[in-house]
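Chemist:
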DNA sequence: CAGACGTGGCC
DNA sequence: TGGCCAAGTCT
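In the working numbering, the protein residues as written are 82 to 438.
In structure tokens:
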């Protein structure tokens with residue numbers, strides 16, 4: 082970092098003056114309540130601002146304080162998170178609320194070192210809460226910060242490598258405004274989502290254009306450097322649509338892994354079958370639900386749903402049955418009219434649209 | 001470190 | 001339409 086003390090001071094002044102005038106008015110910027118900051122930051126992980134807004138409002142209405150969240154039934158928390166994705170965030174957020182109320186007696190830890198010990202809070206979120214809620218001079222290095230500083234300094238390090246964080250952390254600690262660290266971090270995020278966005282940026286009109294080495298070098302789009310992600314792996318499944326006069330059979334997914342604790346039709350991974358025939362699927366289904374049902378292929382339509390790292394290809398198998406006991410494997414008969422009482426992932430809603438009506 | 005872990009918007 | 005991206009963390 083080759084900036085003089087004067088240049089650093091000028092950068093802070095310019096950035097914060099712009100933020101004071103043009104910073105976004107967001108629901109979670111109304112106050113600096115640490116619980117509000119935590120909820121918003123967890124929701125914003127890998128998630129767009131516009132997506133988060135309605136969830137944030139509903140969530141705070143339903144769980145107004147950390148203590149209220151700590152005491153809530155987990156199923157309600159998951160239901161409030163339905164559709165946001167990365168559902169372990171919901172479980173970890175509630176655990177963090179419990180840690181604060183129980184282990185810390187309701188007194189918030191105020192340093193990044195302490196905050197990072199809370200469930201679901203990593204270096205970014207710890208820095209965000211510490212700086213925004215507690216005025217600590219801690220960097221909050223998210224995708225925006227990586228992009229903004231990579232461009233400002235033409236940093237060639239690959240930001241997908243964990244070791245690269247250290248480079249940015251060291252740099253930002255020298256730049257962050259010690260008087261307004263929270264505003265500094267949020268100003269960087271606003272810059273990163275406007276003039277210095279990933280696609281179609283407008284670096285020339287950025288308030289910090291004079292400090293932008295990538296602009297001077299006409300290399301804005303060369304930064305940040307990141308290696309490409311691998312394409313999702315295709316995973317074929319049978320989705321079992323089994324109905325009785327008691328409703329449809331849904332199962333609660335395991336506590337860990339994909340769509341943890343969410344409710345879905347029972348799934349059979351076709352690569353787990355020895356033969357992948359209809360008879361094999363029926364036998365596996367019978368073992369899974371402790372009851373023989375006569376499954377038939379419901380047409381040839383395949384429902385596709387793509388996650389970050391997997392593409393599910395779901396073939397529907399349907400059966401009508403007289404209601405049998407499903408409690409021993411965590412199943413539940415649910416009338417279609419009552420689906421909205423349970424937390425359902427988007428892929429399950431997609432299956433419902435195709436399979437029912 | 002590499003891979004798991006969701007979703008909606010965009011072109 | 002399929003691929004890529006967006007305020008990361010955990011194992």
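We put the beta carbon where it would ideally sit given N, CA and C, even for glycine.
From a predicted model like this one, the values you see are computed outputs, not experimental measurements.
Pull up the CB-CB distance for residue 308 and residue 241, whole angstroms please, since I reckon it's below 8 Å.
Modeler: Looking up residue 308 in the first chain gives position 227. Looking up residue 241 in the first chain gives position 160. Between residue 241 and residue 308 the Cβ distance is about 5 Å, and since that is below 8 Å, they are a contact.
Chemist: Based on Cα-Cα distance, which residue from 134, 332, 90, 174 lies nearest to residue 116?
Modeler: By one-based count along the first chain, residue 116 stands at place 35. Closest option to residue 116, Cα to Cα, is 174.
Chemist: In this structure, how does DSSP classify residue 208 when only helix, strand and coil are distinguished?
Modeler: For the purposes of this step, residue 208 is taken as the residue at position 127 of the first chain. In the structure shown, residue 208 sits in a helix (DSSP, three-state: H, G or I).
Chemist: When the Cα atoms are used, what is the spatial distance from residue 211 to residue 184?
Modeler: As a working mapping, residue 211 is identified with position 130 in the first chain. As a working mapping, residue 184 is identified with position 103 in the first chain. For residue 211 and residue 184, the distance between alpha carbons rounds to 19 Å.
Chemist: So within the segment 383–421, which uninterrupted beta strand (DSSP E) runs reach at least 3 residues, ignoring any that extend past its ends?
Modeler: DSSP runs (the beta strand (DSSP E)) wholly in the segment 383–421: 391–401, 412–415.
Chemist: Judging by CA-CA distance, which residue of 201, 321, 293 is the nearest neighbour of residue 375?
Modeler: Here residue 375 refers to the residue found at position 294 of the first chain. Looking at the Cα atoms, 321 is the closest of the given residues.
Chemist: On the three-state DSSP scale, how would you describe residue 331?
Modeler: Translated into the one-based positions of the first chain, residue 331 becomes position 250. Looking at residue 331 - three-state DSSP - the assignment turns out to be strand.
Chemist: Compare the C-alpha of residue 461 against each of 371, 274, 418 and name the closest.
Modeler: Within the shown structure, residues of the chain are numbered from 82 to 438, placing residue 461 beyond reach of any answer.
Chemist: Taking all protein chains shown into account, decide if residue 266 is buried (16 or more other Cβ within 10 angstroms of its Cβ) or exposed.
Modeler: Indexing the first chain from 1 puts residue 266 at position 185. When all chains shown are included, residue 266 counts as buried.
Chemist: Can you check DSSP and say which residues form a bridge with residue 239?
Modeler: Sequence index remark: in the first chain, residue 239 carries index 158 (1-based). Answer is 306, bridged to residue 239.
Chemist: Would you say the segment 423–434 touches the segment 327–345, given that touching needs at least three Cβ pairs under 8 Å?
Modeler: Yes, the segment 423–434 is in contact with the segment 327–345.
Chemist: Tell me the DSSP secondary structure of residue 222 in three-state form.
Modeler: Working through the first chain from its first residue, we reach residue 222 at position 141. Here residue 222 sits in coil by DSSP.
Chemist: Could you work out which residue in 202, 143, 124, 153 is closest to residue 164 when comparing CA atoms only?
Modeler: Within the first chain, numbered from 1, the residue matching residue 164 stands at position 83. Comparing Cα positions, the closest option is 124.
Chemist: With 16 as the cutoff for other CB atoms within 10 Å, does residue 258 come out buried or exposed?
Modeler: Residue 258 sits at position 177 when you count from the first residue of the first chain. Classification for residue 258: buried.
Chemist: For residue 370 and residue 206, I'd like the C-alpha separation in whole angstroms.
Modeler: Counted from its first residue, the first chain places residue 370 at position 289. Counted from its first residue, the first chain places residue 206 at position 125. C-alpha separation (whole angstroms): 41 Å.
Chemist: When you compare each of 244, 230, 279 to residue 255 by their alpha carbons, which one comes out closest?
Modeler: Counting from one through the first chain, the residue named residue 255 turns up at place 174. The shortest Cα separation from residue 255 among 244, 230, 279 belongs to 230.
Chemist: According to DSSP, residue 350 sits in a beta bridge with which residue or residues?
Modeler: In the first chain, residue 350 corresponds to position 269, counting from 1. Answer is 318.
Chemist: How would you write the range of the alpha helix (DSSP H) that residue 134 sits in, first residue to last?
Modeler: Position 53 of the first chain, counted from the first residue, corresponds to residue 134. Run containing residue 134: 130–143, per the alpha helix (DSSP H) assignment.
Chemist: What residue from 315, 335, 357 has the CA that sits closest to residue 168's CA?
Modeler: Numbered from 1 along the first chain, position 87 holds the residue referred to as residue 168. Ranking 315, 335, 357 by Cα distance to residue 168 puts 335 first.
Chemist: What alpha helix (DSSP H) runs, 4 residues minimum, are completely inside the segment 252–280?
Modeler: Counting whole runs of 4 or more residues, the segment 252–280 contains the alpha helix (DSSP H) stretches 262–274.
Chemist: Among residues of its own chain, excluding the 5 on either side of residue 397, which ones have a beta-carbon nearer than 6 Å to its beta-carbon?
Modeler: Here residue 397 corresponds to residue number 316 of the first chain, with the count starting at 1. So the list reads 320, 322, 379, 436, once near-sequence residues are dropped.
Chemist: Is it buried or exposed for residue 86, if we count other Cβ within 10 angstroms and need 16 for buried?
Modeler: On the first chain, residue 86 is found 5 positions in, with the first residue counted as 1. By the neighbour-count rule (16 or more Cβ atoms within 10 Å), residue 86 is not buried but exposed.
Chemist: In angstroms with no decimal places, state the Cα-to-Cα distance between residue 220 and residue 271.
Modeler: Within the first chain, the letter at position 139 stands for residue 220. Within the first chain, the letter at position 190 stands for residue 271. Taking the straight line joining both Cα atoms gives about 15 Å.
Chemist: Do the segment 279–289 and the segment 86–97 make contact, defined as three or more Cβ pairs closer than 8 Å?
Modeler: Yes, the segment 279–289 is in contact with the segment 86–97.
Chemist: Measuring straight from C-alpha to C-alpha, what distance separates residue 156 and residue 144?
Modeler: Sequence index remark: in the first chain, residue 156 carries index 75 (1-based). Sequence index remark: in the first chain, residue 144 carries index 63 (1-based). Cα to Cα, the separation comes out at about 13 Å.
Chemist: What whole-angstrom Cβ distance do residue 377 and residue 400 have, given they're in contact under 8 Å?
Modeler: The residue given as residue 377 occupies position 296 in the first chain. The residue given as residue 400 occupies position 319 in the first chain. Yes, residue 377 and residue 400 are in contact; Cβ-Cβ is about 7 Å, under 8 Å.
Chemist: Assuming residue 352 and residue 317 make a contact with CB atoms under 8 Å, what is their CB distance in whole Å?
Modeler: Here residue 352 refers to the residue found at position 271 of the first chain. Here residue 317 refers to the residue found at position 236 of the first chain. So it is a contact: roughly 7 Å between Cβ atoms.
Chemist: Expressed to the nearest angstrom, what Euclidean distance is found between the alpha-carbon atoms of residue 327 and residue 218?
Modeler: As a position in the first chain, residue 327 is number 246, starting the count at 1. As a position in the first chain, residue 218 is number 137, starting the count at 1. Using only the alpha carbons, I get a separation of about 58 Å.
Chemist: With distances taken between CB atoms, is the gap from residue 118 to residue 209 smaller than 8 Å?
Modeler: On the first chain, position 37 is the one that residue 118 refers to. On the first chain, position 128 is the one that residue 209 refers to. Contact flag set, yes.
Chemist: What are the start and end residues of the alpha helix (DSSP H) that includes residue 115?
Modeler: Position 34 of the first chain holds residue 115. Start and end: 115–125.
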